[in-house]
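Chemist:
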Amino acid sequence: MALRAALRSRSGLTGLLSQRSSCSSDIRMCVSPLLVPQQRNYSTPPKIRVEFDQSTGVAVMHMQSPPVNSLSLDFLTELCISVEKLEMDKSCRGLVITSAQPKVFSAGLDITEMYGKSPEHCGAFWRSVQEMWLKLYGSNMVTIAAINGSSPAGGCLMAMTCDYRIMADNPRYNIGLNETQLGIVAPFWFMDTMKNTVGQRTTEMALQLGLLYKPADALKIGLVDQLEPEDQVIAVATQTISRWLAIPDHARQITKSMMRKKTIDKLTSNRESDIQYFVNFITKDSIQKSLGGYMEMLKKRRA
Amino acid sequence: MALRAALRSRSGLTGLLSQRSSCSSDIRMCVSPLLVPQQRNYSTPPKIRVEFDQSTGVAVMHMQSPPVNSLSLDFLTELCISVEKLEMDKSCRGLVITSAQPKVFSAGLDITEMYGKSPEHCGAFWRSVQEMWLKLYGSNMVTIAAINGSSPAGGCLMAMTCDYRIMADNPRYNIGLNETQLGIVAPFWFMDTMKNTVGQRTTEMALQLGLLYKPADALKIGLVDQLEPEDQVIAVATQTISRWLAIPDHARQITKSMMRKKTIDKLTSNRESDIQYFVNFITKDSIQKSLGGYMEMLKKRRA
Amino acid sequence: MALRAALRSRSGLTGLLSQRSSCSSDIRMCVSPLLVPQQRNYSTPPKIRVEFDQSTGVAVMHMQSPPVNSLSLDFLTELCISVEKLEMDKSCRGLVITSAQPKVFSAGLDITEMYGKSPEHCGAFWRSVQEMWLKLYGSNMVTIAAINGSSPAGGCLMAMTCDYRIMADNPRYNIGLNETQLGIVAPFWFMDTMKNTVGQRTTEMALQLGLLYKPADALKIGLVDQLEPEDQVIAVATQTISRWLAIPDHARQITKSMMRKKTIDKLTSNRESDIQYFVNFITKDSIQKSLGGYMEMLKKRRA
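As C-alpha cells, then:
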C-alpha cells in the first residue's frame, strides 16, 4: 500500500541534491536574539535563527537559507555552531528544529558543494555533514523536528536524528531518503538511522526505490510520529517537548545515549574512511556528469 | 497516537520501585501442592505458589507477595528456585506466570532492597534480578505471562521474558519500563529485551519517556500479544499454551535458544561489570536521596 | 490476532519437507525459449522455464517441477544455473519468480534428499540450498516473488530472498517457516532472512510455533507486500518491477548489497560448519525416524 502510494506520488527527482539559489535577493536581517553564529560571513544574513525561551529551557531553531535550506558547507557550519552553543548552555534542555522557508523543511545536501569542486572541498563538505549528524543524533537535549515542509534526503536525515517528528499534514509535502533516484547511494549511517527509525525491511525497500512518502504514509511506517495542521506544527512541537522535559535529564540522556551508542560509534570509528569513500565516489566522471545533468534540469525547470 | 495516549494516562510515578509492605497482616497459608520452595523462612508464607497439572504438563505460578509482588531479594530467590525446579522436571513443559494479588502483576523491583543498604546487599540483590531474567528468558519451557494487573518496570521485564503475553483488558492497568520517570536508567539487558519485543524505535521513545501503556496501547505496539477480560486471563493462557505444546519440544527449544542467544550471552559475559555498575550507581548520594524522597511520597499517599 | 488466526488455520503438517512424486506422469516439454539449463539430464523435462523479455529486461522464472516444486538437488542445481546465467546477462535487470504448478509456489526442501541418504549426499544437497539462498538474496537483479500458491518452509525462504512479494489472495494458500512443526529447526540464515523481513519478535513467535500464515495475515505482519487476485499475480509482478527498474541500477544494487551484506557474510563465513551441522543433525536416528514417519503419513494421505 505505502509503496504503491509512494510510487504514485513520485513527482520527479526533487530531493537529495538541491541547488543553492545563486542570487538570493530577499536578504533579511534576522539576527538571533541570543545566539549569533561566530564564523560566518557577515555580508550574508544568518542561515540559522535561534529563539531561546529561558523560562521553558527550549530553543527553536529556524532554518532560513533561501530558497530551500540546502545543506551547504556554510549552512552546516552555522548549524553545528548553533547546536554546540545550545548543548553547552545548561539552561537549554530542548531543541525544536524547523524551517522558516515556505513549503520545505530542508531539501538536503547542496549539490553545488560537490559539483566541479576539488577533492579537498568535497572532503570538507562531507565532514560537515557527518558533524551535523553526530551533533544532532548524539545530542543531550530533547530534539523535536517540526517538519513544516518537504524533507527529502539530507533533510529527512536531519529529521530522523531527532527524538520525535511532527509533520505538517499537507499531502503536497513528502519525506524520505531518495538518493537512489539520483543515482547516489545513501551512506551506511543514513541507512542505520533509518533502520533505527522504521526497521530493516521498510528501510531496505525505501532506500532501494528512493521512496518519498506523503505525510500520511510516513506516519503509517513510523517515519514521522505525528501529523498536525501546517500552522500548528511548531506550536505542537513546543507543547510536546514539555512532556519530554518532565523526565529527569540525566536518566533520559543516559537512556538515549545507550540506545544510539552503537550506531554513533560506527561512524565515529570510520569517519575518515567514510570521507575518503565519498570523495572518491563523488569526483568520478560519471557521477559528476550525472550531477551536471541534474543541475541543468533544475535550471530549466525554474526558467 | 500511542505516545499521546500514554502520556495522557500517566498517573504518577507508580512503577520500577515499589515499597514492600512492612507489616503484611494478611498472611495466608498457601503452600504449593507440589512444590515447596526450600530456602525460605517458614515464619512467612511462600511468595510463590505453583500449581502443576501433570496431565497437561503445565505449571501455573501465582505470585503472592502482598501487597504488590515487589521483586525483593527473598521473592526473587524463591521465584528462581521454583523456576529451576520446574525446569529440571521433565514432565513440566509449560509455565504460566500470573499474580494472586489484586490489580497488579508485579510492581517491579523492591525499593527497600536498594535504599540505605550496603554495597554488598545491593550487589546480591542485583544478582538475583539478573538470575530471574536469565532463568526466564532462557527457559526451555513455553512461558506465558497472564498479566492480570499493572506491570511497570521489573514487572514488565518479567512479562517480556515470556514467549507470549496475555493482558487483562482493563484500562486502569498499565505496563512499561518507566525507570526514567524515577531518575533511574533501565540497564542494557532490559533495553535489549524490549527491543526484541517492540523494536528499536518504539523502545527508544518508550524508555526515554518512561512510558506506561494501557492494555490497548500495549497491544498496538506489540508489548502484549492479546487482551482478554480480566477473569479470563489465566484460563485463556492455559488454553493458549496447549497450542505451543503441540510443537515438538526439542525443535521449539533450539529455535527459541537461537533467537535469544545473542541477547543472553551479552549479559552472561558482562554480569559482574553490570553488578558493579548498578552498585556504584544506586549507592550514590543523589540517587539515594531521590529514592528516599520517592519512598516518603509513597508513604504519604498511603496515609 | 495473527497468531490466533494462524493457529486456527493450521491444516496439518504440510511444509518444509515435501516428497518428490516418484512417478511424475505428466511430463511436459516446456523448454525455455532463451535459456536451456546446461547440466541436466535430458531424459527429464526442465524443472525451470525462463521467459526473458529483452524489451523490458525482465525474466520470468517458472518453477515447473511436478507436483509441488520440491527443492531437490536437481531442481536447485537447475535453478542456480538459471539465475547465474541471468545474473551475467547485462541486459537482464529484473527477475520474477513464480510457479507453473497449481496451488503451490514451492513446497520446500525435498525430503527424499535427506532420508536414507549418505552424509555426502546430504552435504551436497545442503550446499545447493545454501547456494540458492546466496544467489537469490545477493542478486544484483530486482527480484520479485509472484507467490501464486502455498509457500511453506524452503518455499517461504525463497520468497523472502526477493525484493518484493506479491501473493495470490486465496485464503486456502499459506506461507511461513513451519519447520518446528516437523521437529526440524530452521537454520540461522533462514531466521536472519525472516528477521530482516518481519522483525525479531514476529520471527521468534512464528518460528517457535512453525506458523503458516494465510495471505491476509502474511500481509499484516509484512511477510508479503501485496495481495492480488490469483490470475493477476504474475501480471502485477511484471508491472511492479518496471517501477523498480526506473531506479539507476548501480545505486540500487549498492544499496541492496549494503543492506544485506552482514546477513550474507554470516553464512559465507560459516558455510562449511553449517553444512556439517546439518549433516550431523539430519542423519541422526531420531530425525531419520521422524522423517520416515512423515513420508509414510504423506503416502497414506495421497492414497
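Protein chains in written order, with our numbering: chain F, 1 to 303; chain Z, 304 to 606; chain C, 607 to 909. We put the CB at the ideal spot given by N, CA and C, even for glycine.
1) Counting only C-beta atoms, is Tyr-721 (chain C) closer than 9 Å to chain F at any point?
2) Can you name the residues of chain Z whose CB is closer than 7 Å to the CB of Ile-254 (chain F)?
3) Could you compute how far the alpha carbon of Asp-855 (chain C) sits from the alpha carbon of Lys-691 (chain C)?
4) At a CB-CB cut-off below 7 Å, which residues of chain Z make contact with Glu-902 (chain C)?
5) Mind checking whether Leu-530 (chain Z) and Pro-518 (chain Z) have CB atoms under 9 Å apart?
6) Residues of chain Z with a CB under 7 Å from the CB of Ile-222 (chain F): which are they?
7) How would you list, in chain order, the residues of chain Z whose beta-carbon sits under 7 Å from the beta-carbon of Gly-816 (chain C)?
8) Per DSSP, which residues does Ala-59 (chain F) bridge with? Please list them.
9) What residues in its chain sit with their C-beta under 6 Å from that of Leu-459 (chain Z), if we drop five residues either side in the sequence?
10) Report the three-state DSSP secondary structure of Met-444 (chain Z) (helix, strand or coil).
11) Identify, in the order they occur along the chain, each residue of the same chain with its Cβ nearer than 8 Å to the Cβ of Leu-134 (chain F), setting aside the five sequence neighbours on each side.
12) Can you name the residues of chain C whose CB is closer than 9 Å to the CB of Thr-347 (chain Z)?
13) Please name the residues in the stretch 394-407 of chain Z whose beta-carbon is closer than 9 Å to at least one beta-carbon of chain C, in chain order.
14) Along the alpha helix (DSSP H) that carries Tyr-277 (chain F), what are the first and last residues, could you check?
15) Going along chain C in order, which residues have a C-beta closer than 8 Å to the C-beta of Gln-288 (chain F)?
16) I want to see whether chain F comes within less than 9 Å of Val-917 (chain C), judged by CB atoms only; does it?
17) Less than 6 Å between C-beta atoms, sequence neighbours within five positions excluded: which residues of the same chain meet that for Gly-789 (chain C)?
18) With a CB to CB cut of under 6 Å and the five nearest residues on each side skipped, what residues in its chain are close to Ala-752 (chain C)?
19) When DSSP builds the beta bridges, which residues end up paired with Gln-529 (chain Z)?
20) Does DSSP classify Ile-254 (chain F) as helix, strand or coil?
21) For Tyr-770 (chain C), would you say it is in contact with chain F, using Cβ-to-Cβ distances shorter than 9 Å as the test?
22) Is Pro-75 (chain F) close to chain C? Criterion is C-beta to C-beta, closer than 9 Å.
23) Please specify which runs of the beta strand (DSSP E), each continuous and at least 3 residues long, are wholly inside the stretch 666-730 of chain C, giving them in chain order.
24) Within 9 Å of any Cβ in chain F, is that where the Cβ of Gln-367 (chain Z) sits?
25) I'd like the ranges of any beta strand (DSSP E) spanning at least 3 consecutive residues and lying wholly in the stretch 502-546 of chain Z.
26) Distance, Cα to Cα, Thr-283 (chain F) vs Ile-585 (chain Z)?
27) Taking the beta carbon of Asn-280 (chain F) as the centre, do at least 16 other beta carbons fall within 10 Å, making it buried, or is it exposed?
28) Would Ser-408 (chain Z) and Asn-443 (chain Z) qualify as a contact pair, given that the criterion is a beta-carbon distance under 9 Å?
29) Gly-479 (chain Z) bridges to which residues according to DSSP?
30) Measure from the C-beta of Thr-799 (chain C) to each C-beta in chain Z and report whether the shortest distance is under 9 Å.
31) Determine which residues share a DSSP beta bridge with Ile-450 (chain Z) and list them.
32) In the stretch 863-889 of chain C, which residues sit with their C-beta less than 9 Å from some C-beta in chain F, listed in chain order?
33) Report all residues from its chain with a CB closer than 8 Å to the CB of Ser-328 (chain Z); omit the five preceding and five following residues, and keep chain order.
34) Please list the terminal residues of the continuous alpha helix (DSSP H) segment that includes Gly-293 (chain F).
Modeler: Based on what the coordinates show:
1) no
2) Chain-order list of chain Z residues neighbouring Ile-254 (chain F): Val-488, by C-beta distance under 7 Å.
3) 18 Å
4) Under the 7 Å cutoff, chain Z gives no residues; its nearest Cβ is about 17 Å from Glu-902 (chain C).
5) yes
6) The sequence given here places Gly at residue 222 (chain F); Ile does not occur at that position. Here the neighbours are Arg-504.
7) Taking a Cβ-Cβ threshold of 7 Å, the residues of chain Z close to Gly-816 (chain C) are Ile-550, in chain order.
8) F:Phe-52 and F:Leu-95
9) Here residue 459 (chain Z) turns out to be Cys, not Leu, going by the sequence shown. Excluding the 5 residues flanking it on each side, Cys-459 (chain Z) has same chain C-beta neighbours closer than 6 Å at Ile-478, Gly-479 and Leu-480, in chain order.
10) coil
11) Within the same chain, Ile-264, Leu-267 and Thr-268 come within 8 Å of Leu-134 (chain F) by CB-CB distance, once the 5 residues on both sides are set aside.
12) Under the 9 Å cutoff, chain C gives no residues; its nearest Cβ is about 37 Å from Thr-347 (chain Z).
13) The stretch 394-407 of chain Z vs chain C, Cβ under 9 Å: nothing.
14) 271-282
15) Those within 8 Å of Gln-288 (chain F) in chain C number zero; the least Cβ separation is about 15 Å.
16) The requested residue 917 (chain C) is not part of the displayed model; chain C covers only 607 to 909.
17) Ser-896
18) Result list for Ala-752 (chain C): Val-702, Thr-704, Ile-772, Val-839, Ile-840 and Ala-843, in chain order.
19) Z:Ile-469
20) For Ile-254 (chain F), the three-state secondary structure derived from DSSP is helix.
21) yes
22) The sequence given here has Phe at residue 75 (chain F), not Pro. Taking Cβ atoms only, chain C never reaches closer than 9 Å to Phe-75 (chain F), which makes this a no.
23) 700-705
24) So, not an interface residue.
25) 529-531
26) Looking at the two C-alpha atoms, the distance is approximately 54 Å.
27) exposed
28) What sits at residue 408 (chain Z) in the sequence shown is Phe, not Ser. The answer is no: Cβ separation not under 9 Å.
29) Residue pairing from DSSP places Gly-479 (chain Z) in a beta bridge opposite Z:Pro-455.
30) no
31) Per the DSSP secondary-structure output, Ile-450 (chain Z) pairs in a beta bridge with Z:Met-470.
32) Residues passing the 9 Å Cβ filter: Met-864, Met-865 and Arg-866.
33) Bear in mind that the predicted position of Ser-328 (chain Z) carries a pLDDT of just 31, short of 50, making it too unreliable to give a figure here.
34) 285-302
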